[in-house]
Amino acid sequence: MDFYVGIASYKRPEASRTLDYLDSLGFPKERRILSVQTEEDRDAYTRSGLNERVGTFLYREASTAAGNRNTILLNVPEGTNVVFMDDDIKQVVMEDLGLVPLDTLEKFERMCKLGFATAQKNRTICFGLYPVANAYFMRGGYKKAAICVGTLIGMVATPGITFCEELQTKEDYELCCRIIRKYGACIRLDRFACDALHYSKGGCEDAWKDKSGVIRVAELLVAKYPDILKLNPKRPGEVLMVKRGKR
4 MDFYVGIASY
14 KRPEASRTLD
24 YLDSLGFPKE
34 RRILSVQTEE
44 DRDAYTRSGL
54 NERVGTFLYR
64 EASTAAGNRN
74 TILLNVPEGT
84 NVVFMDDDIK
94 QVVMEDLGLV
104 PLDTLEKFER
114 MCKLGFATAQ
124 KNRTICFGLY
134 PVANAYFMRG
144 GYKKAAICVG
154 TLIGMVATPG
164 ITFCEELQTK
174 EDYELCCRII
184 RKYGACIRLD
194 RFACDALHYS
204 KGGCEDAWKD
214 KSGVIRVAEL
224 LVAKYPDILK
234 LNPKRPGEVL
244 MVKRGKR
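Written out as structure tokens, the structure reads:
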């Protein structure tokens, strides 16, 4: 069950923690895809040499992270397994009497293949990881229908299933909601999580700083998926999953 790692990057031409992590694992260069969404980034990433650390370097004009991710989906054959990873991941960890790094290629690939196999078993096309690297909460096997954060999401390239390019944030949540609606499941592996920087310079920094925009997206998603999501009353701009059988 081979898979590609797809990294949609924006305004971070000087470094990629995720590429450093993949290098440390010995993850094959030919199965790495790096995508950028502006001509400026295309030129900057070429000058810095990041384009030389992947098998495929893509550029397509886009105005959102969703559009950048879709560039990768549009350039792989139907049925391809793609593991989308943010560009600022230090490592992936698992809960095993504490947090244990997946520090070999075998461990990382085993986790990704488990995700795709579990998704296939449940007749769906997507999996993600636990949202925070905290061993206290990372218990159990997997959740069948979950909203997964886009730090790491595995997906089978499927006709008609792409990220919503109209959303500046939470495109990962919207995708998971759509997949749950269509397939009845979106897998979350609860013993695995990413150790990553969030809201750092570059990337979606500006979009997340727009608090009113983040709130609007949350309200839009709840209006579109009231059977799956509800607003978090304690944290404006955040959403929670609706318990089964409740609104």
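If you count the sequence shown from 1, position 75 lands on 78 in the working numbering, and the numbers rise without skipping. No residue lacks a Cβ here, since even glycine has one placed at the ideal position from N, Cα and C.
- Taken in chain order, the whole beta strand (DSSP E) runs of length 3 or more contained in the region 33-57 are 35-39.
- A residue is called buried when at least 16 other Cβ atoms come within 10 angstroms of its Cβ; F111 meets this threshold and is buried.
- As the crow flies, the alpha-carbon of E109 is around 26 angstroms from that of A149.
- Separation of K147 and Y133 (C-alpha to C-alpha, rounded to the nearest whole angstrom) is 12 angstroms.
- Looking at the backbone, the Cα of Y176 and that of K246 are separated by about 16 angstroms.
- DSSP, reduced to helix, strand and coil, places R15 outside both helices and strands of the structure shown, so it counts as coil.
- In terms of Cβ geometry, V39 and F60 form a close pair [threshold 9 angstroms].
- Using a C-beta cut-off of 8 angstroms, the region 62-78 makes contact with the region 162-170, since at least three inter-stretch Cβ pairs fall below that distance.
- A straight line joining the alpha-carbon of P80 with that of T161 spans about 9 angstroms.
- For E98, the uninterrupted beta strand (DSSP E) segment begins and ends at 92-98.
- Per DSSP, K147 lies in no alpha helix (DSSP H) segment and is marked neither H nor E.
- About 6 angstroms separates the Cβ atoms of K233 and V225, confirming a contact at the 8 angstroms cut-off.
- Rounded to whole angstroms, the gap between the alpha carbons of G157 and M88 is 9 angstroms.
- Secondary structure at K214: helix, using DSSP grouped into helix, strand and coil.
- If you look at R191, you'll find it in the beta strand (DSSP E) that goes 190-199.
- It is roughly 15 angstroms from the alpha-carbon of K14 to the alpha-carbon of Q171.
- Judged by DSSP in its simplified three-state form, M114 adopts helix.
- Relative to R142, the option among S19, K185, T21, R191 whose CA is nearest is R191.
- Beyond the five residues adjoining it in sequence on each side, C189 comes within less than 7 angstroms, by CB distance, of T127, C129, A148, A149, C151, C179, I182, I183 in the same chain, given in chain order.
- Taking P239 as the centre and dropping the five residues before and after it, the same chain places the C-beta of I218 closer than 7 angstroms to its C-beta, in chain order.
- Residue burial is scored here from C-beta neighbours: V103 has fewer than 16 other C-beta atoms within 10 angstroms and is therefore classed as exposed.
- DSSP, reduced to helix, strand and coil, places L224 within a helical segment of the structure shown.
- Around the beta-carbon of Y62, 16 or more other beta-carbon atoms lie within 10 Å, marking it buried.
- Between A122 and V159, the CB-CB gap stays under 9 angstroms.
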